[in-house]
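Numbering (the numbering used here), first residue to last: 5 to 224. Here the structure comes first, spelled out in structure tokens, and everything after it is commentary.
Right, here's the structure in full:
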């Protein structure tokens, strides 16, 4: 291959790459990150999950996290931040948008629970919005309003803002848990969460954690 041919080939390749970059969909609207929290956090402890509704690991941690919230109640604040890994979970952003759409009608946490509990129903579908609308109806939401909000670019911008926040904190996988902005590794399940949170509460308050008594329904 002579020099002239090489130059032509390289020019064509660069032209194609440039076209793909220019035509790749971009978020045209910016937004503040979401602020979905539950629990008063009277001890000054905040547990944050950077999660992906289509992530199998997140779904497996869901009942554990649910029990953690029940046991600690208002002693801690729990925050959920969207971090959809679209390259491996193609319906993850759609699910995040569904949760945000439900949030506009005051039902974020209810939709959050539905998405994790029934993940197998929508994770492989080519039409997730149909399933999400059925959840919205079950939750008593206005279906037409839900669909309108789901399609709103402002909703997608919130999800993108959450992704940006996660990346700025070094998040690259889900679920990633942070306790007061420090990454933790609760690989031992519920007991690991208890140990880590109890230590932080004692560190901040000087008192041992007083967890609510609940029936342990999780699998370690």
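The beta carbon of each residue, even a glycine, is placed where N, CA and C say it ideally should be.
| said: The alpha helix (DSSP H) that contains residue 201, what's its start and end? | reply: Segment 194-209, the alpha helix (DSSP H) holding residue 201.
| Identity of the residue in 217, 73, 70 and 88 nearest residue 168 by Cα | When only C-alpha atoms are compared, the closest one is 88.
| request: Please report how far the alpha carbon of residue 96 lies from the alpha carbon of residue 59, in whole angstroms. | output: Straight-line Cα distance between these residues: approximately 8 angstroms.
| field | Nearest-angstrom Cα separation, counted from residue 84 out to residue 223 | value | Because residue 223 carries a pLDDT of 36, less than 50, the predicted location of this residue cannot be relied on, and the following value inherits that uncertainty. Answer to the nearest angstrom: the Cα atoms are 22 angstroms apart.
| DSSP on residue 41, reduced to helix/strand/coil? | In the three-state reduction of the DSSP assignment, residue 41 falls in the strand class.
| field | Limits of the unbroken beta strand (DSSP E) element including residue 55 | value | Looking at the DSSP string, the run of the beta strand (DSSP E) that includes residue 55 is 49-55.
| Straight-line CA distance for residue 182 to residue 131? | Whole-angstrom Cα-Cα distance: 33 angstroms.
| query | Should the region 106-123 be called in touch with the region 139-151, which here means at least 3 C-beta pairs below 8 angstroms? | reply | At 8 angstroms Cβ cutoff, the stretches touch.
| field | N-terminal and C-terminal residue of the alpha helix (DSSP H) that residue 186 is part of | value | Not the alpha helix (DSSP H): residue 186 falls in the beta strand (DSSP E), residues 186-188.
| Close beta carbons around residue 79, own chain, < 6 angstroms, minus the five adjacent residues each side | Excluding positions up to five away in sequence, the list reads 46 and 47.
| request: Under 8 angstroms by Cβ, that's how I've got residue 76 and residue 201 pegged, so tell me the actual separation to the nearest angstrom. | output: 7 angstroms between Cβ atoms; contact.
| Looking at C-alpha atoms only, which residue of 102, 174 and 126 is the closest neighbour of residue 140? | Residue 140 has its Cα closest to that of 102, out of 102, 174 and 126.
| Closest to residue 99 by CA distance: which of 74, 127, 82 and 158 is it? | Measuring from the Cα of residue 99, the nearest candidate turns out to be 127.
| query | Between which two residues does the alpha helix (DSSP H) containing residue 112 stretch? | reply | Here the alpha helix (DSSP H) through residue 112 covers 112-121.
| request: On a CA-only basis, which of 192, 215 and 187 is nearest residue 174? Give me that one, please. | output: If we check each option's Cα against that of residue 174, 187 comes out closest.
| Between residue 162 and residue 207, what straight-line distance do the alpha-carbon atoms span, to the nearest angstrom? | Approximately 34 angstroms between the Cα atoms of the pair.
| By DSSP, does residue 85 sit in helix, in strand, or in coil? | Reduced to three states, the DSSP call for residue 85 is strand.
| field | residue 190 versus residue 160: straight-line alpha-carbon distance, rounded | value | Each residue's alpha carbon lies about 30 angstroms from the other.
| query | How would you label residue 105, buried or exposed, when you count the other beta carbons within 10 angstroms and need 16 or more for buried? | reply | Result: buried.
| request: Taking only the alpha-carbon atoms, compute the straight-line gap between residue 218 and residue 72 and give it to the nearest angstrom. | output: Each residue's alpha carbon lies about 10 angstroms from the other.
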